[in-house]
Amino acid sequence: MRARPGKAAIFEQFAADGITYMFGNPGTVEQGFLDESRNHRLTYVPTLHEGAAVGIADGYARAARRPALVQLHSGVGLGNGIGMLYQAKRGGSPLVVVAGEAGVRYDAMDAQMAADLVAMAEPVVKYATRVIDPASTLRVLRRAVKMAMTPPRGPVLVVLPADVLDELTTEPAVPTSILDTRVAPSAEALREAGRMLSAARRPLILMGDGVATSDAQPELTAVAERLGAPVWGVNSSEVNFDTTHPLYGGQLGHMFGKDSARVVGDADGVLIVGTYVFPEVFPHLDSPFRSDARIVHIDLDAYEIAKNFPVDLGIVADPKAALAGLAETLGPRGRTPSGPVAARDAAAAQGDESLMERFARTLAARGPADLVVFDEALTAGGPLARHLPPRRPGHFFQTRGGSLGVGIPGAIGAKLARPELPVVGFTGDGGSMYTFQALWTAARQQVDAKFVICNNGRYRLLDLNIEQYWREQGIAPHAYPEAFDLTRPEIGFVELAAALGVPGRRVAKPDEVDAAVEAMWAHDGPYLIDLAVD
Ligand SMILES: Cc1ncc(C[n+]2csc(CCOP(=O)(O)OP(=O)(O)O)c2C)c(N)n1
Ligand SMILES: [Mg+2]
1 MRARPGKAAI FEQFAADGIT YMFGNPGTVE QGFLDESRNH RLTYVPTLHE
51 GAAVGIADGY ARAARRPALV QLHSGVGLGN GIGMLYQAKR GGSPLVVVAG
101 EAGVRYDAMD AQMAADLVAM AEPVVKYATR VIDPASTLRV LRRAVKMAMT
151 PPRGPVLVVL PADVLDELTT EPAVPTSILD TRVAPSAEAL REAGRMLSAA
201 RRPLILMGDG VATSDAQPEL TAVAERLGAP VWGVNSSEVN FDTTHPLYGG
251 QLGHMFGKDS ARVVGDADGV LIVGTYVFPE VFPHLDSPFR SDARIVHIDL
301 DAYEIAKNFP VDLGIVADPK AALAGLAETL GPRGRTPSGP VAARDAAAAQ
351 GDESLMERFA RTLAARGPAD LVVFDEALTA GGPLARHLPP RRPGHFFQTR
401 GGSLGVGIPG AIGAKLARPE LPVVGFTGDG GSMYTFQALW TAARQQVDAK
451 FVICNNGRYR LLDLNIEQYW REQGIAPHAY PEAFDLTRPE IGFVELAAAL
501 GVPGRRVAKP DEVDAAVEAM WAHDGPYLID LAVD
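Here UniProt numbering is used: position 67 in the sequence shown is 67, and no number is missing along the way.
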């Protein structure tokens with residue numbers, strides 16, 4: 001193999017892996033390879049903040065179902081990206097992060113910007129390493145791509161010191177070996193699972209994004225229908241199950257263990273698939289399951305099975321293969337759903353229709369079919385679930401891991417991944433401001449995604465959570481903390497977006513909704529709506 005500097009060879013490796021975008025924010029220690037990038041067929045997507053870069057890459061990886069490449073600038077850039085990397089890790093997004101560094105030769109100097117990048121990133125990535133020898137530059141990049149793509153998928157970090165990349169390498173650039181992990185369970189394990197679950201009088205299924213990753217939605221539906229079991233989302237932020245199916249129960253929620261306990265507490269046979277349990281901020285420390293409940297957990301992530309509570313049968317297997325086998329074991333006999341399963345909102349809002357309700361209804365009726373929704377609407381999201389219920393795999397994404405600021409960059413990433421589909425991102429006035437500058441990237445790259453700010457002038461979710469805290473602590477209701485208010489001064493979202501190159505309009509009255517929805521889709525390019533919500 002011909003010798004060329006590592007800073008050129010890495011682009012050959014990216015090309016060999018079909019990587020066409022690099023999302024990033026540059027610095028001087030990356031100048032060598034960024035200068036080289038013009039000689040290669042890779043689009044550098046510049047962002048103005050690393051949270052936006054990681055957020056766009058996350059949306060891209062989720063919608064494209066491929067690894068997404070992120071470039072961060074040494075310790076300071078990595079530091080800014082850490083919060084968003086946390087959500088990529090919780091969500092299992094295959095992000096390959098490369099961080100530049102001045103050079104191995106400066107290690108002893110402890111100079112400006114020097115930091116142990118591997119140690120900084122380790123808690124929020126699946127794998128972190130640093131290239132220290134030019135002869136292993138591409139080997140390490142391939143390992144990173146393989147690790148990111150192997151379930152449980154997740155972000156990885158490769159530190160690229162500039163002096164190592166300046167050296168010649170003769171490594172060939174060849175496609176990374178992506179592993180086939182469609183592991184089927186043994187016949188014995190399937191029989192045992194089938195026996196435990198079919199014996200249940202009140203079966204329940206808890207599912208998560210591992211189902212979507214393995215394309216197991218049809219098999220999950222078959223198992224649910226054969227068991228007559230309600231299906232609840234746990235770490236479920238994509239379409240793992242048609243949310244209009246009569247057996248869809250809802251989402252357990254991410255705050256309080258006792259909310260989940262209410263749902264799972266009656267079940268005598270539980271199938272957990274493609275998720276960990278339980279992802280709340282304040283989880284139950286005791287098992288919320290009935291002591292006589294039989295619990296079967298299927299996942300490719302052995303760490304997550306029986307992580308917190310024992311299970312009766314843990315099966316390390318691909319959800320699609322395992323659910324197909326399980327459905328067969330259960331046989332074709334369907335059970336009718338046992339009673340009301342869904343704690344869903346009433347179909348129509350009581351009294352006057354809220355602006356959010358009206359907007360979601362209009363978008364569903366007049367917006368394009370085939371719509372992809374990136375939903376970070378938080379407390380304003382109810383009407384979205386009613387009017388644009390997640391049904392089609394790959395057409396709905398929610399924030400995961402609890403890190404705010406995913407809505408705008410997530411929609412940009414999804415649109416870059418699926419340019420043929422219409423994409424709209426919903427976010428809050430609070431959530432949007434963590435990564436608002438991503439709009440500049442949308443304008444610059446002409447990413448034709450649409451954005452809706454659900455503007456209630458507050459961190460409303462924090463109001464709701466503190467109310468619960470007051471109830472639990474026996475504290476009389478009083479004024480919310482000042483820190484939850486976002487109205488002093490009011491944020492001018494339309495002006496802010498315009499300053500970043502994205503046109504838009506404010507919608508504060510019901511009779512402005514129709515024209516706004518039409519304007520949004522008529523506009524060729526990114527467009528923002530600042531929607532007044534309660
Ligand atoms: C990066 C980050 N910072 C802070 C928080 C804490 N937090 C959780 S919800 C929330 C308020 C969100 O407000 P907004 O996006 O306006 O939605 P709303 O609650 O008003 O519907 C905050 C600040 C977080 N989850 N992530
Ligand atoms: Mg808000």
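The beta carbon of each residue, even a glycine, is placed where N, CA and C say it ideally should be.
Quick caveat: nothing in here was measured; it's all calculated off a predicted structure.
Residue environment, residue i, which counts as buried when at least 16 other CB atoms sit within 10 Å
i	result
S291	exposed
residue 583	This structure does not reach residue 583, given that the chain is present from 1 up to 534, and the question cannot be answered.
W470	exposed
M207	buried
D110	exposed
H478	exposed
A346	Interpretation of A346 is limited by its pLDDT of 49, a score under 50 that renders its predicted location unreliable; no figure is taken from the coordinates.
E490	exposed
V183	exposed
R195	exposed
T487	exposed
A3	exposed
Q251	buried
I205	buried
V372	buried
P161	buried
L330	buried
G154	buried
E30	buried
L464	exposed
A216	buried
V341	Below a pLDDT of 50, predicted positions are generally treated as unreliable, and V341, at 45, falls in that range; the measurement from the model is reported next regardless. The residue is buried, with at least 16 neighbouring Cβ atoms inside 10 Å.
CB of residue i within 8 Å of CB of residue j, strictly
i	j	result
A9	E171	yes
V316	V296	no
G81	G51	yes
K7	L247	no
E420	A173	no
L528	L388	no
N25	A53	yes
P94	G210	no
V263	F289	no
H284	G402	no
T275	S236	yes
F374	G405	no
A63	A417	yes
A212	P510	no
Y459	F426	no
G257	E280	yes
A322	P185	yes
A144	V159	no
G55	M22	no
K450	M520	yes
A377	G430	no
G413	A99	no
P5	E167	yes
T169	T221	no
8 Å Cβ shell around residue i - same chain, five flanking residues per side excluded
i	result
V533	S354, L355, M356, A380, C454, N455 and N456
D514	T362 and R366
E472	none
Close Cβ partners of residue i (< 7 Å) along its chain, the five nearest in sequence each way excluded
i	result
P152	G92, L300 and D301
P390	V239, T243 and F396
A293	A267, D268, G269 and V270
A516	R505, V507 and I529
Q446	G525
L500	Q437, L439, W440 and A443
I178	K146 and M149
Residues near residue i in its chain [Cβ-Cβ closer than 6 Å; skip 5 each side]
i	result
R506	V494 and D530
G314	H297, I305 and A306
R142	T176
A349	Reliability of the predicted coordinates at A349 is poor, the pLDDT of 47 falling under 50, and the value obtained from them is presented with this limitation in mind. Same-chain partners within the cutoff: E357.
residue 539	Look at the range of the chain in this structure, 1 to 534, and you will see that residue 539 is not part of it.
heavy atom of ligand 3 below 7 Å from residue i C-beta
i	result
Y44	This structure does not include ligand 3; its bound ligands are ligand 1 and ligand 2.
Quick check: the stretch 313 to 331 against the stretch 183 to 193, are there 3 or more CB pairs under 8 Å? The stretch 313 to 331 makes contact with the stretch 183 to 193, as at least three CB pairs between them are under 8 Å.
Would the stretch 128 to 146 and the stretch 111 to 118 be scored as touching if the rule is three or more Cβ pairs under 8 Å? With a cut-off of 8 Å, the stretch 111 to 118 and the stretch 128 to 146 count as touching, because enough Cβ pairs lie within range.
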